[in-house]
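Scroll down for the structure; my scribbles are underneath it.
2 protein chains.
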Amino acid sequence: MEERIGFIGLGVMGKSMAHLLLAKFGNLNIYSRTKEKALPLIEEGASWYSSAREVAQNSDVVFTIVGYPKDVREVYDNMMNAPLEGKLFVDMTTTEPSLEIEIGAELSKRGASFIDAPVSGGDKGAREGTLSIMCGGDDEAIERAMKYFLVMGKNIRHLGPVGSGQHTKMANQILIAGTMIGLCESLVYARKAGLDINEVMATISKGAAGCWSLDNYGPRIARGDFAPGFMVKHFVKDMKIAIDESRKMGLNLKGLELVEKLYEEMEKEGEGNLGTHALYNAIDRL
Amino acid sequence: MEERIGFIGLGVMGKSMAHLLLAKFGNLNIYSRTKEKALPLIEEGASWYSSAREVAQNSDVVFTIVGYPKDVREVYDNMMNAPLEGKLFVDMTTTEPSLEIEIGAELSKRGASFIDAPVSGGDKGAREGTLSIMCGGDDEAIERAMKYFLVMGKNIRHLGPVGSGQHTKMANQILIAGTMIGLCESLVYARKAGLDINEVMATISKGAAGCWSLDNYGPRIARGDFAPGFMVKHFVKDMKIAIDESRKMGLNLKGLELVEKLYEEMEKEGEGNLGTHALYNAIDRL
């Protein structure tokens, strides 16, 4: 018997992921804080419910991808009172590893399973079903979720118990924080030194300085295009989580803390909706 | 008529570059602070001189690749008193852009030409003649040097007037500084979170966190191999130059300054001869 699928959170990422699931499996129970965002999916045949709880009640497997940790908590608090025995929940939000562990334990008490499965690959990956999916949970749960993951993503990895998906995503964001400050400082320096940024990029991009950020954001910086690939405010959220977690582990990640502070200042300057590569301008202002 | 070629500085990089030039052009006048380093080249047919000045006197084109800015200054001070009219000097050391501009001006007064041409690609690139060569100088000088550059390198770029090669190399090192702290903090975090570092790398290396440093140093970090690809002490030298230059331009590169400080502390701990990826251990200690 086919499982009934629920999907909660229809933002830029969620709406594309939900669309792919609906197109493949023919049924989808949806809820989003803003109903407007659900209209295209309802037209495609999805069933709208007016709360996360009702989605949980009427589904066997529920995917969530919302915004901040408080949103994750709210959605799961709301669902906890539904009958959950035998159901599987998958949170694809990038959020606190410790929150996921807590949710996993709560669900387990109610006879339900849980996977934390944050993604990378951006809106393009979500549209094309080519996301990287970083999973934490037990083998059985991951096996059960795999046919859905395969619709949404390509590189699907099981990294360990619940929380491991988020920790892996944090490791990813920490590395990006470093490459972004390196990239933006490098190009500000090059421009101030009177060099042609495009020539510099062509010179250094194939060597030891090469990185995805240079290949993808370098040309945008060179032409002054600071529209978001990934928004400053979302990166700040992720880095704050990573900093909290790293401190809990007794780590002192000075690079990450510096980069987070610079991006937080950008947010305060009203630049939260710009792309993360707008750090170039922030460094130029220092 | 063939030009007589001089080569000064036979360290890890210089000895391989000199070897390629000698093999291709059949003559090479050499000098190095430590004569021992010259013995294999002398056996191959190179002519040893006991000072930089004598090499300059007996050569038409002179390549230099030494250590610190003070070494560059010493070598060029020594050569300035030789008859230099019509000669070409190429400094391939990574050093201060402003020092190169000064040397270029001094040589120009004596009717000689100058190119600053630092390289990247490491000892492997030097051995195989596949270095990236970042050139600053006038068109005529670069054209004259090109047949020699083509023996030593692959990606040869003319970035602007004298000093532009060094500035480009600094932009390269600034970006590497960012990727190195991002990489090392990311992997320290991942390990402390209980993840398998190799699994994490396989998960994140193809996405937005992807970089040369991850591909090349990640596996070495995972197996605890901190032998140098590039030594901490050399990276400190480069970053200090970049910081000095950036301050002269009125820039405040906080990321670069933080990374330099961390590496300088490693040097003080006696880790100057380790590879730059040993930053992983330094971060773990913080």
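The listed protein sequences derive, respectively, from chains F and P. Residue numbers for the first sequence, in numbering that gives the first Met the number 0: 0 to 285. Residue numbers for the second sequence, in numbering that gives the first Met the number 0: 0 to 285. Glycine residues also receive a C-beta, built at the ideal position from the N, C-alpha and C atoms.
Comparing C-alpha positions only, which one of F:E35, F:E184, F:E95 and F:D137 sits nearest to A281 of chain F? F:E184
Cβ of S58 of chain P within 9 Å of Cβ of I4 of chain P? yes
Identify the continuous beta strand (DSSP E) that holds V89 of chain F and give its terminal residues. L87 to D90
Which residues in the same chain have their Cβ closer than 6 Å to the Cβ of M200 of chain P, if we skip the five residues on either side of it in sequence? G217
What does DSSP give as the partner residues of M230 of chain F in its beta bridges? F:G274
With 8 Å as the limit, tell me which residues of the region 183–198 of chain F have their beta carbon closer than that to any beta carbon of chain P; keep them in chain order. E184, S185, L186, V187, Y188, A189, K191, A192, G193, L194, D195 and E198
Complete runs of the alpha helix (DSSP H) confined to the region 85–164 of chain F [at least 4 residues]: 96–108, 121–127 and 138–151
Are there 16 or more other CB atoms within 10 angstroms of the CB of I41 of chain P, so buried, or fewer, so exposed? exposed
Grab the span of the alpha helix (DSSP H) containing N197 of chain P for me, first residue to last. I196 to I203
Hey, quick one: how far does the alpha helix (DSSP H) through G13 of chain P stretch, first residue to last? V11 to F24
Under 9 Å between C-beta atoms of N171 of chain P and K232 of chain P: no
Within chain P, the residues that R156 of chain F reaches when beta carbons sit closer than 8 Å: E198, A201 and T202
Check whether the Cβ atoms of K253 of chain P and L261 of chain F lie closer than 9 Å to each other. yes
Listed in chain order, which residues of the region 224–242 of chain P have Cβ atoms closer than 9 Å to some Cβ of chain F? G228, F229 and A241
Determine whether the beta carbon atoms of H276 of chain P and L182 of chain P lie at a separation below 9 Å. yes
Please decide whether H276 of chain F counts as near chain P, where near means a Cβ-Cβ distance under 9 Å. no
Hey, out of F:K247, F:L285, F:S245 and F:P39, whose CA is closest to E264 of chain F's CA? F:L285
Three-state class that DSSP yields for G269 of chain P in the structure shown: coil
V65 of chain P in three-state terms, based on DSSP: coil
Same chain, Cβ closer than 7 Å to N77 of chain P, five either side skipped, listed in chain order: S50, A51 and R52
Interface partners of W211 of chain P on chain F, CB under 8 Å: G206, A207, A208, G209 and C210
What is the DSSP secondary structure of Y30 of chain P, counted as helix, strand or coil? strand
With a cut-off of 9 Å, does the C-beta of L98 of chain P fall near any C-beta of chain F? no
8 Å Cβ shell around C134 of chain F - same chain, five flanking residues per side excluded: I114, D115, A116, I141, A144, F148, I155, R156, H157, L158, S163 and G164
8 Å CB neighbourhood of I242 of chain F in its chain, flanking five on each side removed: L252, L255, E256 and E259
With a threshold of 9 Å between beta-carbons, can G136 of chain F be considered close to chain P, or not? no
Please report how far the alpha carbon of L27 of chain P lies from the alpha carbon of P39 of chain P, in whole angstroms. 13 Å
R219 of chain F and A226 of chain F: beta carbons closer than 9 Å? yes
Taking the CB atoms as reference points, tell me whether T178 of chain P and T178 of chain F lie closer together than 9 Å. yes
For T63 of chain P, decide whether its Cβ has a neighbour in chain F, counting only Cβ atoms nearer than 9 Å. no
Below 7 Å on C-beta distance, what does S163 of chain P contact in chain F? L194
Closest to T92 of chain F by C-alpha separation, out of F:R246, F:Y67, F:G44 and F:P82, would be which residue? F:Y67
Contact list for the region 170–182 of chain F against chain P, Cβ threshold 9 Å: A170, N171, Q172, I173, L174, I175, A176, G177, T178, M179, I180, G181 and L182
Cβ distance (whole Å) where A22 of chain F is taken to contact L9 of chain F below 8 Å: Rounded, the Cβ-Cβ distance is 15 Å, inconsistent with contact.
Suppose contacts are defined by Cβ-Cβ distances below 9 Å. Is K153 of chain P in contact with L174 of chain P by that definition? no
Check each residue of the region 101–129 of chain F: if its Cβ is closer than 8 Å to any Cβ of chain P, include it; give the result in chain order. S119, G120 and G121
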